[in-house]
Structure formats: structure tokens, C-alpha cells
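Working notes, structure below.
Numbering (my numbering), first residue to last: 11 to 569.
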């Protein structure tokens with residue numbers, strides 16, 4: 011098999027033609043070249059521009075591109091290694107063709123039949139997988155240069171999410187008995203050049219990795235897929251489900267954003283069918299589930315934006331109020347309708363002038379609130395990349411978030427033993443009071459009232475301290491034996507603030523039938539009995555943190 015340089019991404023750009031740089035983002039391993047007001051991303055190679063400017067991918071290169079003279083009149087070069095024109099517009103890119111070293115075995119990525127669920131793979135495969143496996147706590151790893159299994163495990167992470175092709179990470183994880191999730195980056199324009207070859211290459215690499223390294227648990231086949239490409243994603247999902255029948259196979263999608271285009275990415279609109287009208291976020295998520303056959307609905311709401319993040323321009327409070335809860339609620343509703351589990355990517359990174367590094371209270375809030383919604387997998391984005399700060403620093407040392415991730419992950423591990431076996435029944439917002447009136451309710455979530463709490467014997471919930479940011483969330487659950495649970499979360503958080511500084515106290519009043527509760531201790535994993543004086547629970551929670559309670563008996567679901 012031979013392959014030319016592949017355009018894997020294209021976006022508008024106001025930089026001059028010929029500008030080139032190594033890809034600075036988490037996807038890594040490629041080159042960006044500006045041509046005709048577009049920034050074109052290429053899969054792993056080396057580029058030599060006018061004036062001998064050199065840009066080379068990390069980890070070697072599979073192709074070479076070079077130009078000489080004015081960009082308005084570039085001449086083809088066919089000097090060494092069989093240079094050949096790849097793309098002809100006002101600019102001619104010249105590429106080296108190289109052997110990839112993996113046989114295709116006759117795979118035609120574009121012509122395979124759309125898969126269907128068979129008796130061998132039940133429609134509720136995802137739920138069965140969740141209930142037989144430990145609660146998944148993972149993080150994306152891009153580089154293997156400084157990866158250390160013990161440091162990774164020390165952050166409380168029980169599964170590696172292999173991003174791109176960091177085979178060294180996979181090798182080390184497998185040797186250490188650490189489960190892993192394979193990620194195939196198909197976030198490309200299916201109508202673009204080289205798409206079929208790229209998919210075939212990734213499929214063969216996946217088969218090679220699965221056969222070589224033990225410990226595979228799941229397969230992410232498309233990141234942030236758009237509506238126009240769901241049929242392509244379906245082929246990839248179906249292929250993975252049929253090829254690796256024991257693995258959880260899923261796609262990941264964008265969060266809700268006002269005015270967002272859920273149908274196409276960038277300038278691809280002219281190459282695909284016209285979007286349905288309407289095509290809002292609720293329709294989009296249901297479309298993703300129905301058309302891809304994903305085992306899990308995964309979303310990535312990253313709420314902690316900086317001053318240049320569109321469309322909120324650093325207004326984190328507005329972003330959370332108008333989009334964050336709505337995203338979680340919509341994903342929960344869509345997944346439950348389809349009887350599949352739902353996972354969340356949690357922001358654990360910072361990009362200058364785009365996203366700030368979450369504080370301890372920020373970070374806890376974006377973990378515990380999804381838990382209250384019934385999310386059964388936590389994926390931290392991201393562990394480490396040479397490009398920007400994540401859980402680890404760019405040089406491989408432990409970052410500012412590392413101790414917070416370790417603490418939270420240990421708590422999630424205890425709570426997850428039960429949470430993965432529960433079904434979310436309802437989620438409500440608990441508004442405190444500020445300025446003499448009740449605080450506003452975010453979009454996408456209803457306020458708690460006595461009717462919502464009646465099935466759990468809860469008459470009233472009050473936030474003891476006044477303040478516009480002093481609020482809470484309560485999630486209601488049931489187990490397979492009709493056992494009743496609830497999770498109370500303190501949602502107070504702020505940039506740069508610790509969990510202790512954002513602590514709040516709550517008063518829960520129960521009806522006469524409830525004189526004690528049981529709490530699954532998030533720090534120890536023990537079940538604590540809590541006596542209620544006058545049917546009232548007083549509880550203080552650190553900022554962004556939640557506790558899980560059971561009403562009735564102490565038989566928490568564990569198996």
C-alpha cells in the first residue's frame with residue numbers, strides 16, 4: 011500500500027500563503043500549511059517552504075513537501091524519491107510517496123455495508139459492559155516520551171485512553187496490566203482526498219495493536235463527529251463492533267453551544283448533503299445514537315474558557331448557566347431513551363487565551379455534577395501532551411492539577427462501585443438565595459420542589475449560607491431492587507479557589523418515615539449510618555463535591 015500526504019483538517023486562516031508550522035494542538039504529529047486563505051492540516055510529515063523554512067512532525071515523517079519561489083507560481087519538483095503532485099489549485103503541493111508497511115487485506119472503508127445489531131451483540135451491550143467492569147476513570151495520553159505507569163496510576167486512573175499512536179504508552183500499560191482504550195482519529199472530511207486510505211490504515215493498526223498487546227477494553231472511533239458524517243461513523247462503529255465483539259465501541263460529540271453547526275465542520279458544507287431543518291442539539295444527539303449504533307454516548311463540555319473563547323468571551327458563569335447543565339441534561343435524556351450509558355470528558359487542561367486550568371473547586375464540580383446526572387465513565391482531557399498543560403506539565407513533571415485528580419479519582423472509585431449499577435431517575439437544581447431573592451435556575455434543569463422529593467421522602471432542601479453562587483444539585487437514583495438513592499452536590503466553585511474555600515452547608519428535611527440514612531463514604535468506601543434528628547440532615551460539602559446517600563437499608567448495590 012502506498013499513501014500520499016493526507017489533508018486531515020482544513021480551516022479558514024488570515025495568515026499569508028506559505029505559512030507553515032507543526033500542529034500545536036493535542037492531535038499532534040502533523041504540519042499546518044496556509045494556502046488560499048485556508049489552513050490545511052496534514053498527517054505526519056516534513057515541509058520545506060520558501061527560504062528553506064523547515065517544519066517536521068514529531069516522531070519522524072511519512073512524506074515530504076517542498077516549494078520553491080513565489081507561492082503564486084510554484085513549480086513541481088520531481089527530483090528525488092518520485093515526487094508527485096498531490097493537489098492542484100492555485101498552489102501545487104509536492105509530496106513524497108512512501109510505503110506504510112501495513113497490508114490492507116482488501117478493506118474498502120467506503121463501501122462496507124452498514125452494520126446491524128445481531129444476536130451476538132445485544133442492543134444493551136453498553137449497559138452490560140458498564141455493570142461488569144469497574145467504573146472507568148481514564149485520561150488521554152498523547153506522548154510516550156515521559157509516560158510512567160506508576161505516576162499515571164498514582165493519579166487514580168484505572169484505564170489508559172491512547173490518543174493517536176503513542177505505541178510506547180500502549181506497550182507499557184499492557185506490560186503493567188493497566189487496561190487501555192484505543193482511539194482512532196477519524197475526525198476528517200470523508201469527502202477529502204485520502205480518507206479511505208487513512209481509515210484502512212487505522213483499522214489495520216488497530217488490529218495489529220489488539221493482537222499484540224493485552225488489556226484492550228474499548229474503542230473510540232470518531233471524535234466530535236458531525237451530523238453529515240454519521241453514516242461514515244456508523245461504518246467505523248460497526249466494523250469495530252464486529253471485529254472486536256468484546257470491546258465497548260463509542261463515538262464522542264460536542265457539547266451544546268448557541269448557534270453551533272452540528273451538521274458539518276469548517277468549510278465542508280459544499281461536499282455533503284444539506285442539513286435537516288431543524289437540526290438542533292437534541293435532534294443531533296438522538297441522530298448520533300440512532301445512526302452510529304454507538305455503545306455509549308460520550309460528550310465533552312469544557313466550561314472553563316478564557317477571554318477569547320467564542321461565544322462567551324470568558325464569561326464562565328454565563329457559559330455554565332446557559333449551556334453546561336443543558337448539555338448534561340440533553341445527553342442524559344437521549345441516552346436513557348436509547349437505553350445506553352453515557353460518559354463525559356472533563357476539562358483538565360489549559361490553552362492560553364482559550365481555556366484556563368480548572369481550580370480544585372472547578373475540577374470537582376465538573377466531575378461530581380455529571381455523577382449526579384448518572385454518567386458512568388469519567389474521561390479527563392488530558393493527561394499529557396508536549397503542546398500545553400494537562401494533568402501533567404509539558405515536560406512530563408506533575409502538574410498543578412495532579413494532586414486534585416488523584417484525590418477526586420479515589421473518591422469516584424469508591425462511589426463508582428455503586429453508581430455504575432444505578433439508574434438516574436431525576437436531577438434537580440437547589441437554588442440558594444442572594445440579594446433577598448432565590449437565585450436563577452440554569453437552562454436545562456428544573457428546580458427542586460417537594461413533589462420531586464416526595465418519592466424519596468424529602469420535603470425540603472435549603473442552602474444555609476446566602477449568596478448568588480451558593481447553590482446545589484441533587485440527583486435521584488434507583489437500583490435493580492427498587493432501592494432509593496440520592497446524590498447531593500455543592501456546585502459552588504470559582505477560578506483559583508480551593509474546595510475548602512467554596513464549602514457550603516445544606517439542610518434536608520424528610521417526612522416522618524425517614525429517621526436515618528446511609529452514606530457511601532467517598533473517602534473510605536465504607537457505608538456510614540447517619541441518624542436524623544427530627545427527620546433533618548445537616549451536611550457540609552466542599553466546593554464542587556457530592557455525597558451519595560441511600561434511604562431505607564444499608565444494602566448498597568456493589569455487584
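Where a beta carbon is used, it is the ideal one built from N, C-alpha and C, also for glycine.
Taking its Cβ as the centre, do 16 or more other Cβ atoms sit within 10 Å of residue i, making it buried, or is it exposed?
i	result
residue 464	exposed
residue 269	exposed
residue 228	buried
residue 540	exposed
residue 445	exposed
residue 525	exposed
residue 133	exposed
residue 506	exposed
residue 153	buried
residue 557	buried
residue 142	exposed
residue 529	buried
residue 572	One cannot answer for residue 572 here, as it falls past the ends of the chain, which runs 11 to 569.
residue 417	buried
residue 565	exposed
residue 481	buried
residue 373	buried
residue 532	buried
Less than 8 angstroms between the CB atoms is what I'm expecting for residue i and residue j, so what's the real figure, rounded?
i	j	result
residue 345	residue 307	4 angstroms
residue 377	residue 356	6 angstroms
residue 499	residue 382	5 angstroms
residue 298	residue 235	7 angstroms
residue 452	residue 330	7 angstroms
residue 470	residue 460	7 angstroms
Which of helix, strand or coil does DSSP assign to residue i?
i	result
residue 224	coil
residue 435	strand
residue 349	coil
residue 541	strand
residue 424	helix
residue 365	strand
residue 149	strand
residue 135	helix
residue 546	strand
residue 524	coil
residue 54	Note that residue 54 scores a pLDDT of 45, beneath 50, so its modelled location is shaky; the value from the coordinates is reported in the next line. Coil, per DSSP.
residue 176	coil
residue 193	strand
residue 157	coil
residue 480	coil
residue 164	helix
residue 302	helix
residue 337	helix
residue 495	strand
residue 251	helix
residue 511	coil
residue 217	helix
residue 245	helix
residue 206	helix
residue 504	coil
Quick one: what's residue i bridged to in DSSP?
i	result
residue 630	An answer regarding residue 630 cannot be provided, because it is not within the stretch 11 to 569 covered by the chain.
residue 310	Note: residue 310 sits in no beta bridge, so no partner.
residue 473	516
residue 530	537 and 558
residue 387	146
residue 233	262
residue 468	520
residue 355	389
residue 170	149 and 190
residue 485	437 and 497
residue 447	444
Would residue i and residue j qualify as a contact pair, given that the criterion is a beta-carbon distance under 8 angstroms?
i	j	result
residue 301	residue 244	yes
residue 316	residue 303	no
residue 289	residue 312	no
residue 384	residue 392	no
residue 462	residue 489	no
residue 354	residue 389	yes
residue 554	residue 483	no
residue 386	residue 145	yes
residue 516	residue 559	no
residue 441	residue 136	no
residue 172	residue 149	no
residue 419	residue 509	no
residue 257	residue 224	no
residue 305	residue 265	no
residue 568	residue 545	no
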